[in-house]
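Working notes, beginning with the structure itself.
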Amino acid sequence: MMEIMEGSHAVAEIVKYCRPQVIAAYPITPQTHIVEALAQMVANCEIDAEYITVESEFSALSACLGASAAGSRVYSATTSQGLALMFEVCFNVAGMRQPVVMSIANRSLGAPLSIWNDQQDSISLRDSGWIQLYAEDNQEAADLHLIAYRVCEDHSVLLPAFVCFDGFILSHTYEPVDMPTQEEVDGYLPPFVPYQRLDAKDPLSMGMYATPEYYMEFRYEIDRAMQRAKQVLVRAGTEFSEQFGRDYTGLVEGYRLDGADTALVAMGSICGTVKDAVDEMRDAGKKVGLLKIRTFRPFPAPEIADALRDVGTVAVLDKNISLGNSGAVGTEVKAALYGSGIRVLDYIIGLGGRDVRKEDIAKIVDLAEKGEGDMFYGLRTEVL
Amino acid sequence: MTAEEWYRADRLPHIYCAGCGNGTVINCTLAAVEELGWRREETVFISGIGCSSRAPGYILTDSLHTTHGRALAFATGVKLANPGLNVVVFTGDGDLAAIGGNHFIHACRRNVDMTVVCMNNMIYGMTGGQGSPTTPPGAFSTTTPYGSGEPAFDLAELAIAAGANYVARWTSYHVKELVKAIAAGMRTPGLSFVEVMTQCPTNYGRHNRLRRVSDMIEYLRTHALLVQKKERLVQEGKTVPDEMFTVGELVRRNRPAMGVRR
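Here the protein sequences come in this chain order: A and B. Residues 0 to 383 (numbering that gives the first Met the number 0) make up the first sequence, in order. Residues 0 to 261 (numbering that gives the first Met the number 0) make up the second sequence, in order.
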């Protein structure tokens, strides 16, 4: 049913339908509305779940790891500093192959302290073994949770996932969301069947020492699972499209790329602005398109290379900066297009909540066509 | 320097909600600083994250606004690097008792020479009123919509057990006593912990039938039990009501301390 919903509440509602058995989270802006709503749902017995009011994000994800290892479907949500505090646990969740799903209401990292949006938080954990999905709008933010649980709990994957959606821009914004019913969700997402779980009758140990003779093989297996996750994501997205009529078949999504000379590449809510900017530029006769990256981990390099094979110039919009190098998405798109002859330029935009408007997108396209890029876009040079 | 001269007028207006008790606590702290005659160039205010932790931003001296719960660890570094500095930490119940609980007990155990002022409003105020480790059992918050089912921490008792040299608790109603306690704490070598029960009308009072600021202050006043009176009740074999908290100077001692100026 179509409802006008705040992004956070759309996420909370869909998580309820996913029937998590343990929820542990700590308040942090701009994620808090999600877990407040879930706390209310648990208190109202709308979900048969344990809600743990933990004392920190570190404890939140640790409790989720424990509950998942004991065989429960678990959920948490965080952002920014909270995710940074979870850094150690994130690697452990992935290493112990627990299919934890966690929402990230993307926010910048301090210092200086900022509560506003960019994607530095989740991107800083790109090497942790978590699948990373990025939503463009509230509908996609909700839908990706269903897909994430399906993919993570698949026995050929068994990895955790971040469902990332931009803090405030989506989390605090009301949009129409087509919310499925419990029956529809049950039809798509079967109950969690653990591959293995802590069971005193059949004891096993998780997270033990791996000597140098074994450690690399463990890491290799996680990487292989990540590679397999691509096909599982496509399959889960295709089945989602068949059941719900919204298309998530691709790890990337092209918008007006046919005949484009210049392609923008972006992730998250900025894609909505870019689509409007592309429409205006197309109307003005400019051959511009967008490639939206929905799945950042596993990184869809061949899919990106295929989608961009006919363009001459690529402008990557990065809401993050790998300090001392360049934006993470730009770096990886350049690697994906290595040897293709396509010119790839990177633009650091929108850090710490700086607005990016349609006219900025048009200016970036102009810069890219002149070959000017690999830069911070929109700096206030008067305060430097 | 008077308390007023310590304020950064250019940072006003402040972000605190109407009726918030944090301003009272900052004012009392600066009154104690004035009483001790501290100078700007030898004083550092350090805080973590939360409403309480905005305080150093309004004070005209060096400050570190650090990560959630870690102010005491940062402050330990500052004090040990330069024992000549007067170090004051502003923190709150969420910052100190939840995410920073471990740093709290270890700073008390080491007895690092600093003054820790905790604004305990029994809620996560800044993020909108979620239950914290000091939310009283049965109290309503956005994460405990039918009342908290967990016991609450007694922060002053925790500091005493962990080894702090000076521990006192007052409320935002007891301003004269609070200034004296903070000043006494500042004079005591080692870790001084002053817990201030304070009102958050926006995110605590509103959910707990204490809608007016005066309701909350009245609640704090009537639930504060002077430590001497409590001891008398205990001696007389009378019961101390569960919902009361002790106020007063709870400990003053001379355990070995770290970072004391020689």
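Backbone N, C-alpha and C fix where the C-beta goes; we use that ideal spot for every residue, glycine too.
Inter-residue Cα distance where the pair is residue i and residue j
i                      : j                      : result
residue 118 of chain A : residue 319 of chain A : 6 Å
residue 174 of chain B : residue 170 of chain A : 41 Å
residue 30 of chain B  : residue 130 of chain B : 31 Å
residue 91 of chain A  : residue 181 of chain A : 32 Å
residue 376 of chain A : residue 215 of chain B : 49 Å
residue 235 of chain A : residue 162 of chain A : 15 Å
residue 230 of chain B : residue 244 of chain B : 12 Å
residue 242 of chain A : residue 35 of chain A  : 30 Å
residue 85 of chain B  : residue 257 of chain B : 13 Å
residue 6 of chain B   : residue 44 of chain A  : 49 Å
residue 223 of chain A : residue 302 of chain A : 18 Å
residue 271 of chain A : residue 367 of chain A : 20 Å
residue 55 of chain A  : residue 27 of chain A  : 10 Å
residue 237 of chain B : residue 98 of chain A  : 55 Å
residue 150 of chain A : residue 252 of chain B : 59 Å
residue 45 of chain B  : residue 92 of chain B  : 15 Å
residue 295 of chain A : residue 304 of chain A : 14 Å
residue 17 of chain A  : residue 72 of chain A  : 9 Å
residue 146 of chain A : residue 88 of chain B  : 46 Å
residue 166 of chain A : residue 322 of chain A : 22 Å
residue 182 of chain B : residue 28 of chain B  : 8 Å
residue 104 of chain A : residue 114 of chain A : 11 Å
Three-state secondary structure assigned by DSSP to residue i
i                      : result
residue 118 of chain A : coil
residue 132 of chain A : strand
residue 103 of chain A : strand
residue 145 of chain B : coil
residue 333 of chain A : helix
residue 163 of chain B : coil
residue 112 of chain A : coil
residue 196 of chain A : coil
residue 11 of chain B  : coil
residue 193 of chain B : strand
residue 323 of chain A : coil
residue 380 of chain A : helix
residue 344 of chain A : strand
residue 49 of chain A  : strand
residue 138 of chain A : helix
residue 149 of chain A : helix
residue 7 of chain A   : helix
residue 41 of chain A  : helix
residue 371 of chain A : coil
residue 218 of chain A : helix
C-beta atoms of residue i and residue j nearer than 9 Å
i                      : j                      : result
residue 78 of chain A  : residue 19 of chain A  : no
residue 57 of chain B  : residue 121 of chain B : no
residue 94 of chain B  : residue 47 of chain B  : yes
residue 101 of chain A : residue 76 of chain A  : yes
residue 21 of chain A  : residue 60 of chain A  : no
residue 316 of chain A : residue 363 of chain A : yes
residue 69 of chain B  : residue 13 of chain B  : no
residue 33 of chain A  : residue 7 of chain A   : yes
residue 127 of chain B : residue 143 of chain B : no
residue 133 of chain B : residue 96 of chain B  : yes
residue 228 of chain A : residue 130 of chain A : yes
residue 221 of chain A : residue 93 of chain A  : yes
residue 255 of chain B : residue 110 of chain B : yes
residue 195 of chain B : residue 224 of chain B : no
residue 175 of chain A : residue 230 of chain A : no
residue 260 of chain A : residue 310 of chain A : yes
residue 171 of chain B : residue 24 of chain B  : yes
Partners in chain B for residue i, counting only beta-carbon separations shorter than 7 Å
i                      : result
residue 39 of chain A  : 144
residue 27 of chain A  : 126
residue 228 of chain A : None at all; the shortest Cβ gap to chain B is about 32 Å.
Proximal residues of chain B, C-beta to C-beta of residue i below 8 Å
i                     : result
residue 48 of chain A : Result: empty, since nearest Cβ-Cβ is about 13 Å, beyond 8 Å.
residue 35 of chain A : 127, 129, 141 and 142
Chain A residues whose Cβ lies nearer than 7 Å to that of residue i
i                      : result
residue 100 of chain B : 54
residue 64 of chain B  : 112
residue 130 of chain B : 52
Chain-ordered chain B contacts of residue i [CB-CB under 9 Å]
i                     : result
residue 80 of chain A : 48, 66 and 67
residue 66 of chain A : Correct list: empty, because the minimum Cβ distance to chain B is about 18 Å.
Interface partners of residue i on chain A, CB under 9 Å
i                      : result
residue 133 of chain B : None at all; the shortest Cβ gap to chain A is about 11 Å.
residue 17 of chain B  : In chain order: nothing, as chain A lies at least about 21 Å away.
Could you pull out every unbroken alpha helix (DSSP H) segment of at least 4 residues lying fully inside the segment 167-192 of chain A, listed in chain order?
181-187
Whole alpha helix (DSSP H) runs in the segment 223-294 of chain A with 4 or more residues, listed along the chain?
269-282
Suppose only complete runs of 3+ residues qualify. What are the beta strand (DSSP E) ranges in the segment 25-94 of chain B, listed by chain order?
42-46, 61-64 and 85-91
Taking only runs that begin and end inside the segment 205-253 of chain B, name each unbroken alpha helix (DSSP H) of 4 or more residues, in chain order.
212-222 and 226-234
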